[in-house]
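Notes follow once the structure below has been shown.
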Amino acid sequence: MGATHLPSTEFDGTEVDEQREASAETVLGGPGVEMVQLLDVDGKLGEDEVYSSYAKRLDPEKLRGFYADMAAIRRFDQEATALQRQGQLALWVPLTGQEAAQIGSGRATQPQDYIFPTYREHGVALTRNVDLAELLRQFRGVSNGGWDPKETNFHLYTLVLAAQTLHAVGYAMGIQRDQQLADAVGSGADAAGDAGERAAVMAYFGDGASSEGDVHESMVFAASYNAPVVFFCQNNHWAISVPSTVQTRVPLANRAKGYGFPGIRVDGNDVIAVHAVTEWALEHARSGKGPVLIEAFTYRVGAHTTADDPTKYRELAEEAVWRAKDPLDRLEKHLRTEGYADDAFFEKVKDDGAELAAYVRRTAYDLKSPDIRQSFANVYAEAHPLVAEELAWFEQYSAGFAEEAADEASEDAR
Amino acid sequence: MTLKKFNLPDVGEGLTEAEIVSWKVKPGDSVAVNDILCEIETAKSLVELPSPYAGTVRELLVPEGVTIDVGTAIISVAEGVEGDPTPADAPVPAAVTTAVPDAPAAAESLMYGTLPADDSAPAGMSGPLVGSGPKADAVKRRPRISTGSSAGGVSNAMTANAPEVEPVQPHTPADVIQPAGPASASIPAEVDGAAPASRSAVENSITGAAAAAQAGIAGITGLVNRVLAKPPVRKIARDLGIDLADVVATGSRGEVTREDLVSYQAQRDAELDKADGFWGKAGRPQDQRVERIPVKGVRKATAKAMVESAFAAPHVSIFVDVDASRTMEFVKRLKASRDFEGIRVSPLLILAKAVIWAAARNPSVNATWVDNAEDGTAEIHVKHFLNLGIAAATPRGLMVPNIKDAQDLSLKQLALALNDLATTARAGKTKPADMQGGTLTVTNIGALGIDTGTPIINPGEVAIVAFGTIKQKPWVLDGEVIPRWITTLGGSFDHRVVDGDLSARFMADVAAILEEPALLLD
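Those protein sequences? They're chains A and B, same order as listed.
Start counting the first sequence at 1; every next residue gets the next number (this note's numbering).
Start counting the second sequence at 1001; every next residue gets the next number (this note's numbering).
Have a look at this one:
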């Protein structure tokens, strides 16, 4: 009876989930878990024996830049969401709430570093000088990518969960081998002495992707080959409707211990701490000491995508708790109390945001559809008779519809 | 000026339709880009649509409560103009001419669904097209050529990029409409199968009460389902045809779990299974065909109480039909409000509040008849407190637990008390103390789909209110027959205490609140 009539689903055993959630919550949320935080919720700068020295490198100009970046990307996020609601984008993946994690880590990278994003790293894209309007191409369905990764060392968005972590480790191993080769032939002798000139790789992923086998494999390889890669996990607490407490019973950063490299949990809503920890980790990787896992403890304030409705699976009270930890608010408090920025600055940031939004809106409408011939042209590097034949067939096939349409039109006219 | 039309976008991934839940603007309003125009409900969620245009709202093309296909024009906005006073433009059919597909103006209009600035549609097209074509081809299929152009040909389709990037048009006009008239190459772009009905409804909606009522109703149905549950649980519920709102939620966050569904389904199955094999075979000895059930426990207590009440208290029963549409709207708003998040709100809550309100105005209904056996005298004890009894069908039988001092509870506290009472009763955990000291009872027979009845008064009380089902019925308002949410209130009163006029006034007061819950603010 009853139970046997129920269709099975991928989520059997919800009662087990719930027990696990309960026990995991005590571990994950408890004060016992160490988390690097420099800027507290009230905008006061704290001390940390390792990372404070990194924070001290940031002058007021840099801090204002962080704020401007975070405000810009939030405004961009709102505009893109609106464009989706207006039918101009097929889908949008909002990042609101994760600005500090993305701007802080992105600004810690250097031009020679290579970044592998998920599909939500709009903030990191901004720090890598990707034209934000180009970022919309994929979401408008007019491109499979949208920008040239070689120009910015910011890889194309990967929609397959966690797949990019493997690519990242492979790329890091490539960098490592190039470096060894350069060292061996001697031409890299200078570079070898200066870790600053060397490159590292950043692999972004989320708490949901952390459950994928790809992440495990990539971490095993990264450790085995001591690859110069920083795994940057934004734990935004929700993998669509699955809370992070179901993904893991220990803080995600602890998993690094199992692979044998450092794992650090950082307050993902504290841009200064994220920047400091990422700088440390990238230096660690560039100097040949191997991979690092950073878990940025943050929160997806909005929906998973514009096709998602978070009110169906989580309480507004939880969102309210995290809204109180807003990354922009706390940096604004800091800038104001330290006297680093005045009303005029924040006013200008707002105006710049409006300008950016208008630019993105205008450009999105103008994004060009690709010519289908381009798809044929991209199959082989050089002309190929089979492809030419297929293109000819396709054109003939398409032309058939034009005739049919013309027939219909003339029938209508009759 | 240019008149822009906003087509319903696919706000999820691959949605084909949505319902307009409520409009946030009206014709004549000026809107800026990203101002919220309306709220729609898709299969996935409630979503607010921001305006893609800045200008003046010209016309709402779809009334509230109507479900339309993605790609249907929902609103027209006169762009960049502050209230152009020529309404003659409004009813012009949204004909997009494709005769000049390479002209920039035409390309523009294809992209935005704009009317050509000068009405360049051929004469044959200038009459109202809406309603003139049959609904063609209900089958949804991908457009073969994604522009609206039937004459453009493939080369145009490839180069005129703007129209084809429109990702939200699941069908081209050609898929949807078979032009009925001797039209040339022109195709009515914005017309689809839903339009004939919806357009005529729109015309009413601005002024007519009928459409307003319809909109209100649809708004109600659109919002009822705000129960927390994970997507797989939702899917199971949908597959089994279970309304999540009917299931008692036990999840740690107040959500309905899979286990809740299993037990709900088991209970439902058990009820159904019993129906088979119930009848005894003819020819068997008669005593084998009669099932003997000893009367004890709750059954016995219920029987005793009912006999006592029915024979001691002369019952008088009265009924009144009520238009409860405003109550339904009020309930809808409460459900949507943050204050009531996670609290189950139903029309019963409003009725309970109404009964408390009406009892204060007619105190004799909240009383007890007390016989003094010794000297043959009697007294009426009027209670200046209200312990509101709620008749509940429980696994153990009929129970009437009551909410103590219900008169002191705020609406929210009352809602919580009702939830609590119902959950406890359904779990069969109602304590005897919860059932003692009731002063007035409500029986929610509507929950079982019944219109009304003649309830028997709970012993020790002098009044009981039966709350019938609320359903849409034809109702006459201002001389017009329109669908409204109608319920019937029934009440039984002990005639020793409550005379006809008093019972009538009490019932009229309760009915007044259901018709206009705002009176509670009194």
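All C-beta atoms in this analysis are idealised placements derived from N, C-alpha and C, irrespective of residue type, glycine included.
Given the structure is predicted, the values throughout are model-derived calculations rather than measurements.
Can you grab the Cα-Cα spacing for the pair B:I1217 / B:G1449, in whole Å? Note that B:I1217 has pLDDT 41, beneath the 50 cutoff, so the model's placement of it is unreliable and the number below is only indicative. The alpha-carbon atoms of B:I1217 and B:G1449 are separated by roughly 19 Å.
Taking 8 Å as the CB-CB cut-off, is B:P1101 touching chain A? Note on B:P1101: pLDDT 35, under 50, position unreliable in the model; the coordinate value appears next. For B:P1101, the answer is no, since every Cβ of chain A falls outside 8 Å of its Cβ.
Among the residues of its own chain, which have a CB less than 8 Å from the CB of A:V379, if the five just before and after it don't count? V387
Any beta-carbon of chain A closer than 8 Å to the one on B:E968? Residue 968 of chain B cannot be examined here, being either before or after the span of chain B that is shown, 1001 to 1522.
Quick one: complete alpha helix (DSSP H) runs, 4+ long, within the stretch 312-357 of chain A? 316-323 and 327-337
Please report the distance separating the alpha-carbon of A:L282 from that of A:Y51. 13 Å
Which whole-angstrom value describes the C-beta separation of A:V36 and A:A273, a residue pair presumed to lie in contact below a C-beta threshold of 8 Å? 5 Å
For a test of the three-state rule: what should DSSP assign to A:G263, helix, strand or coil? strand
Answer with yes or no whether the minimum CB distance from B:M1158 to chain A is below 8 Å. Annotation note: pLDDT 38 at B:M1158 (below 50); position unreliable, coordinate value reported separately. It does; some Cβ of chain A falls within 8 Å.
Answer yes if the stretch 1453-1467 of chain B comes into contact with the stretch 1298-1308 of chain B, meaning at least three C-beta pairs across the two stretches below 8 Å, and no otherwise. yes
In whole angstroms, what is the alpha-carbon distance linking B:K1005 and B:D1243? 37 Å
Residue-level contact to chain A via CB, B:K1005, 8 Å cutoff: no
Between the stretch 1227-1253 of chain B and chain A, which residues of the former have a C-beta closer than 8 Å to a C-beta of the latter? L1228, A1229, K1230, P1231, P1232, V1233, R1234, K1235, I1236, D1239, L1240, G1251, S1252 and R1253
Interface residues of chain A facing B:E1013 [CB-CB closer than 9 Å]: A90, L91, T305, T306 and A307
Assigned exposure category for A:N129 - 16 Cβ within 10 Å defines buried: exposed
For the beta strand (DSSP E) that B:E1379 lies in, which residues bound it at each end? A1378 to V1382
Below 7 Å CB to CB, which residues in the same chain sit around B:M1507 once its five sequence neighbours on both sides are set aside? I1318, V1320, L1489 and G1491
Among B:K1404, B:T1302, B:D1323 and B:A1354, nearest to B:L1477 - alpha-carbon criterion: B:D1323
To the nearest angstrom, how far is the alpha carbon of B:S1022 from that of B:S1337? 15 Å
Can you check whether the CB of B:V1247 is closer than 8 Å to the CB of B:L1261? yes
Neighbour list for A:E315 in chain B, Cβ cutoff strictly below 9 Å: L1228, R1253, G1254, E1341 and G1342
Three or more C-beta pairs under 8 Å: does that hold for the stretch 211-221 of chain A against the stretch 157-166 of chain A? yes
For B:V1348 and chain A, any beta-carbon pair shorter than 8 Å? One detail in the question is off: residue 1348 of chain B reads as Leu in this sequence, not Val. Not one chain A Cβ lies under 8 Å of B:L1348.
Comparing C-alpha positions only, which one of A:A253, A:A222, A:V230 and A:E212 sits nearest to A:A239? A:E212
Is the Cβ of B:E1019 closer than 8 Å to any Cβ of chain A? no
For A:A82, which residues in chain B fall below 7 Å Cβ to Cβ? N1034 and P1050
Euclidean distance between Cα positions of A:K502 and A:F376: As shown, chain A starts at 1 and ends at 414. That puts residue 502 of chain A outside it, with no answer to give.
Chain A residues whose Cβ lies nearer than 9 Å to that of B:V1047: R85, T306 and D309
Does any CB atom of chain A fall closer than 8 Å to the CB of B:P1395? no
Name the chain C residues whose beta carbon is nearer than 8 Å to that of B:K1044? Annotation note: the requested chain C is absent from the structure, which comprises protein chains A and B.
Rank B:E1379, B:A1367 and B:L1418 by C-alpha distance to the C-alpha of B:A1392 and give the top, closest one. B:L1418
Could you tell me the alpha carbon to alpha carbon distance between A:T248 and B:P1395, rounded to whole angstroms? 40 Å
If you drop the 5 nearest sequence neighbours on each side, which residues of the same chain put their C-beta closer than 7 Å to that of B:N1362? L1502, R1505, F1506 and D1509
Quick one: which chain A residues come within Cβ less than 9 Å of B:R1338? L316
Helix, strand or coil: which one does DSSP assign to B:A969? An answer regarding residue 969 of chain B cannot be provided, because it is not within the stretch 1001 to 1522 covered by chain B.
From this set, A:L335, A:P370, A:I372 and A:N235, which residue's C-alpha is nearest A:K62's C-alpha? A:L335
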